[in-house]
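First comes the structure, then the notes that go with it.
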Amino acid sequence: MSIKEIQEEIIEEFAMFDDWMQKYDYLIELSKDIPLISEEYRLNQNLIKGCQSKVWLHSTAIDGKVIYTADSDAIITKGIAALLIRVLSEQKAKDILENEMYFIDAIGLKEHLSMTRSNGLVSMIKQMKFYALAFQAK
Amino acid sequence: MTDIVLNIRDQFPILHQKVHGHPLIYFDNAATSQKPLKVINAISEYYLQGNSNIHRGAHYLSNQATEKYEKSREAVRRLINAESTEEIILTKGTTESINLVASCLSQFLFQPGDEILISGLEHHANIVPWQIAVEQKGALIKVIPILDSGELDLVAFKNLLSPKTKLLALSHISNALGTINPVEEMIALAKEKGALVLIDGAQSAPHMLVDVQALDCDFFCFSAHKIYGPTGIGVLYGKKAQLEKMPPYQSGGEMIKEVTFKGTTFNDLPYKFEAGTPNIAGGIGLLAAIEFMEEVGIDHIARREAELLAYATKKLKELEGIQFVGEAKEKAAVISFLVDGIHPSDLGSVLDKLGIAVRTGHHCAQPIMDRFEIPGTVRASFAVYNTENEIDMFIEGIEKVKKMFG
């Protein structure tokens, strides 16, 4: 599926929920299935520091596609990270760089992207795109 | 709710709204307090009817604005019992007040090898300005350690004091843990060694009577926005003798007496430290905020907050898996805690969806979090308008979160 198609699919899934608690319950579920970063990459250098929670991110490129793995010490953050990986992992670097992550706003998680003292998701998206850029340049 | 609580809540329109479909419960008062109508009206009336530049004299509006702005300075003097309004510098807030002192003192006070003593409980604003000040002068920073209770280690403090100690910079109350430091005793000990003392009163001015003459500190700082006033204005109290020794901080209008291209003479206190057109609306809002506190009664505020703290502490203790961070005997209405197995940011995110505003994270006091080896805490901080009923809802919220993440 394309990045756009996956985003649409996520928006559709979230449309089923009536309230916040259901959305958060779903994020908690998603957090359990995150493509987990392997222990050897769970290093400070792979840490994306936000004010509130830690996010570790790793990437490799296989057959021209970028594969991401991650983890977080906060569960909601981890759930959102799992969504980002679902959208961007196994895509071509070029597509990762060209697509906007509009689903976050559409499913009502924009506040988790707030630029100031939030949980590092802005930095996480930036870092994912940065890795894609690095692979593209190779 | 008692009549007095209802009356006070009526003065805060912001409290009567729903957030994410729930009545707002505002427990982030240590970050900033809400503003009563008296303050909001004073600011809007100033812009509607009274706006003019001050200390320029020549016309009616300017005279009116000047009078009000200076009345604010007098209200601050009264609030903290300073000897004279010459000792009251109006700044942008606590952070600027500390920066002003650090910057001015570093120009003449600190020599290589001198020591500045701060505590492990400090907000970043009472750490970083001193780091910059000593870096320029080859002086050193020494840190008073924290005990497991969240109180300062006074034995270590006494051992750290020496004739090399030029300054003690200490918070009156810790913003992250709520610990009330025994500042009177500590100031006296520092003075014995000839050190100057700066007290960061950002968290004490809103909650207790402060008497700078009784404390005998050289500097005392606080922000209007934590005492029910507007953002962007705060206070630096300094003993006149110290302020007179200090060079100006910034330069421009207001702070000068006479300017020629050959040189400039500086204005008298307090204007020497107030360059440029000040935050006039802020000053007028600060005046209204102090009047509000006086009308409600600072003793009433302190008593009410102590009740809320005791009630919330008791209720939290009834829950399983709560880890209190900081359990000092003397504590302001701040509770910093963790729930076993739940990240503070997860707890904060869900509480937010229930309309409950708390602060999560390191509270701009990272060294404290390192000391307790935790990523951060959830902090609930109360003000005079909060209620026991709100605390009950907060406890219900935590129970809900525990179920979700359990």
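Protein sequences, first through last, are from chains Y and P. The numbering used here applies: residue 15 is where the first sequence begins, and numbers increase by one. The numbering used here applies: residue 29 is where the second sequence begins, and numbers increase by one. We treat Cβ as the ideally placed atom computed from N, Cα and C, and that holds for glycine. Just so you know, these numbers come straight off a predicted model, no measurement behind them.
For the 7 Å CB-CB criterion, Gly-311(P) and Tyr-97(P) form a contact.
Ala-88(Y) belongs to the set of residues whose beta carbon lies under 7 Å from a beta carbon in chain P. As a beta-bridge residue in DSSP terms, Glu-143(P) pairs with Leu-168(P), Thr-193(P). The count of Cβ pairs closer than 8 Å, one atom from the segment 188–207 of chain P and one from the segment 354–373 of chain P, reaches three, so the stretches are in contact.
Checking the DSSP bridge columns, you'll see Trp-158(P) has no partner listed. Per the coordinates, the alpha-carbon of Pro-372(P) lies some 49 Å from the alpha-carbon of His-83(P). For Phe-248(P), the uninterrupted beta strand (DSSP E) segment begins and ends at 247–251. Taking 7 Å as the cut-off, the Cβ atoms of Pro-157(P) and Ile-126(P) count as close. Non-local beta-carbon contacts of Leu-344(P) in its own chain, meaning distances under 6 Å to residues more than five positions away in sequence, involve Ile-350 in chain order. Between Ser-100(P) and Leu-315(P), the CB-CB gap stays under 7 Å.
The DSSP-derived three-state label of Ile-396(P) is helix. Contact holds between the segment 144–152 of chain P and the segment 164–179 of chain P, because three or more Cβ pairs, one in each stretch, are under 8 Å apart. Contact annotation: in the segment 39–64 of chain Y, residues whose CB is within less than 7 Å of a CB in chain P are Asp-39, Ile-42. Listed in chain order, the positions of the segment 67–89 of chain Y with a beta carbon within less than 9 Å of a beta carbon of chain P are Ser-67, Lys-68, Ser-86, Asp-87, Ala-88, Ile-89. Assignment of Thr-207(P) by DSSP, reduced to helix, strand and coil, places it in the strand class.
Under the Cβ distance rule, Lys-381(P) counts among the residues neighbouring chain Y, one pair being separated by less than 7 Å.
Distance from the CA atom of Ala-96(Y) to the CA atom of Ile-51(Y), rounded to whole angstroms, is 11 Å. If you look at Gln-135(P), you'll find it in the alpha helix (DSSP H) that goes 122–136.
By the neighbour-count definition (other C-beta atoms within 10 Å, threshold 16), Arg-100(Y) is a buried residue.
When the Cα atoms are used, Arg-105(P) and Gln-62(P) turn out to be separated by approximately 23 Å.
Lys-357(P) sits in coil when the DSSP states are folded into three classes, being neither helix nor strand. The shortest CA-to-CA distance from Pro-234(P) to any of Leu-89(P), Ala-252(P), Phe-55(P), Glu-418(P) is the one to Ala-252(P).
Taking 7 Å as the cut-off, the beta carbon of Ile-25(Y) is found no closer than this to the beta carbon of Asp-109(Y). Taking C-alpha positions only, Arg-399(P) is separated from Thr-405(P) by approximately 13 Å. Using a CB distance cut-off of 7 Å, Asp-374(P) counts as an interface residue toward chain Y.
By the neighbour-count criterion, in which 16 or more other beta carbons inside 10 Å mark a residue as buried, Tyr-116(Y) falls on the exposed side.
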